[in-house]
Amino acid sequence: MVHFVNNEKANFEDRLYKIKPIIDKLRDNYRKYYDPPETLCIDESIIPFRGRVLFRQYIKNKRHRYGVKLFKLCLKPGYTYNFEIYCGRQPGKEKTIPKAVNFERSSAKKKLQRGEIFAKENENGITLMKWKDKRDVLLLSTKHSIETAIVRRKGDDFVKPKLVIDYNEAKCSVDLSDQMTAYSSPLPTFASFSYMSTNFVIMLQKLHAT
Numbered sequence: 000m001v002h003f004v005n006n007e008k009a010n011f012e013d014r015l016y017k018i019k020p021i022i023d024k025l026r027d028n029y030r031k032y033y034d035p036p037e038t039l040c041i042d043e044s045i046i047p048f049r050g051r052v053l054f055r056q057y058i059k060n061k062r063h064r065y066g067v068k069l070f071k072l073c074l075k076p077g078y079t080y081n082f083e084i085y086c087g088r089q090p091g092k093e094k095t096i097p098k099a100v101n102f103e104r105s106s107a108k109k110k111l112q113r114g115e116i117f118a119k120e121n122e123n124g125i126t127l128m129k130w131k132d133k134r135d136v137l138l139l140s141t142k143h144s145i146e147t148a149i150v151r152r153k154g155d156d157f158v159k160p161k162l163v164i165d166y167n168e169a170k171c172s173v174d175l176s177d178q179m180t181a182y183s184s185p186l187p188t189f190a191s192f193s194y195m196s197t198n199f200v201i202m203l204q205k206l207h208a209t
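In this text, residue positions in the sequence shown follow numbering that gives the first Met the number 0: the first is 0, and each later residue adds one.
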């Protein structure tokens with residue numbers, strides 16, 4: 000049996016203590032060999048898993064309903080720059096209370112017709128935007144304004160906020176990462192080899208391009 004940690008020195012309050020050294024090593028190497036661009040994307044991802052761990056998730060609307068949740072920081076083209084494994088509530092962890100940014104509640108509740116935009120900027124330069132597509136889309140940005148662009152969809156032209164366009168382009172990095180690291184079997188295995196191989200291929204492509 001392979002052990003990655005000495006049980007006599009392990010932090011048993013950490014639910015990942017058995018594989019903590021290899022997770023830390025992966026994170027360090029992912030950040031060490033690739034310089035992040037301006038555009039980054041953070042999103043959650045699910046590793047299919049039916050084994051017995053306290054932090055296994057059940058998500059009804061996913062293809063694989065049971066799995067381990069990750070929060071990933073991804074770059075184009077699908078490179079996983081950093082990740083955090085969600086372990087649920089853990090004893091001994093400090094609670095973080097976010098600092099409030101005040102916006103009028105009426106801003107988020109404002110009813111719009113499809114294609115309409117409502118935006119407001121506070122004194123700190125944070126823009127709150129609400130855009131009506133098929134459903135309400137709420138966004139926050141420290142970079143964007145109310146700027147729009149014309150996009151073509153099904154032969155028709157539509158006005159779309161530049162913030163939404165940039166978000167969708169950045170979101171593709173997470174979607175591509177998920178596609179490239181997809182693992183179809185939900186059997187009780189827990190491996191990060193797909194992420195390692197994907198990142199390795201991307202680093203090789205970048206190396207040969209320079």
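No residue lacks a Cβ here, since even glycine has one placed at the ideal position from N, Cα and C. Model, not experiment: these values are computed from the prediction.
Residue closest to residue i, alpha-carbon to alpha-carbon, out of the options
{"i": "Leu162", "options": "Asp155, Leu175, Met128", "result": "Met128"}
{"i": "Lys159", "options": "Cys171, Glu146, Lys153", "result": "Glu146"}
{"i": "Leu39", "options": "Ala169, Gly154, Glu115, Pro20", "result": "Ala169"}
{"i": "Asp34", "options": "Trp130, Val4, Gln56, Tyr78", "result": "Tyr78"}
{"i": "Cys86", "options": "Leu15, Gln178, Asp174", "result": "Leu15"}
{"i": "Lys142", "options": "Lys17, Glu37, Ile21", "result": "Glu37"}
{"i": "Phe82", "options": "Phe157, Leu25, Asp135, Trp130", "result": "Leu25"}
{"i": "Arg30", "options": "Leu138, Ala9, Val4, Leu72", "result": "Leu72"}
{"i": "Ile116", "options": "Glu7, Asn123, Asp135", "result": "Asp135"}
{"i": "Arg88", "options": "Lys119, Arg51, Arg55, Ser144", "result": "Arg55"}
{"i": "Ser176", "options": "Phe70, Lys119, Asn121", "result": "Phe70"}
{"i": "Gln178", "options": "Pro76, Ser144, Lys110", "result": "Pro76"}
Beta-carbon proximity of residue i to residue j, cut-off 8 Å
{"i": "Lys19", "j": "Asp13", "result": "yes"}
{"i": "Leu74", "j": "Ser172", "result": "yes"}
{"i": "Ile164", "j": "Ala148", "result": "yes"}
{"i": "Lys68", "j": "Glu43", "result": "yes"}
{"i": "Arg213", "j": "Tyr65", "result": "Because the chain in this structure spans residues 0 to 209, residue 213 falls outside the shown range and cannot be described."}
{"i": "Asp132", "j": "Arg113", "result": "yes"}
{"i": "Ile41", "j": "Ile58", "result": "no"}
{"i": "Val139", "j": "Tyr166", "result": "Reading off the sequence, residue 139 comes out as Leu, not Val. No, Cβ-Cβ distance for Leu139 and Tyr166 is not below 8 Å."}
Local conformation of residue i per DSSP, three classes
{"i": "Ser44", "result": "strand"}
{"i": "Lys119", "result": "strand"}
{"i": "Asp13", "result": "coil"}
{"i": "Ile84", "result": "strand"}
{"i": "Lys61", "result": "coil"}
{"i": "Lys8", "result": "coil"}
{"i": "Lys68", "result": "strand"}
{"i": "Tyr29", "result": "helix"}
{"i": "Pro76", "result": "coil"}
Tell me the start and end of each unbroken beta strand (DSSP E) in the stretch 110-175 that is at least 3 residues and wholly inside, in chain order. 116-120, 126-131, 135-140, 147-152, 155-160
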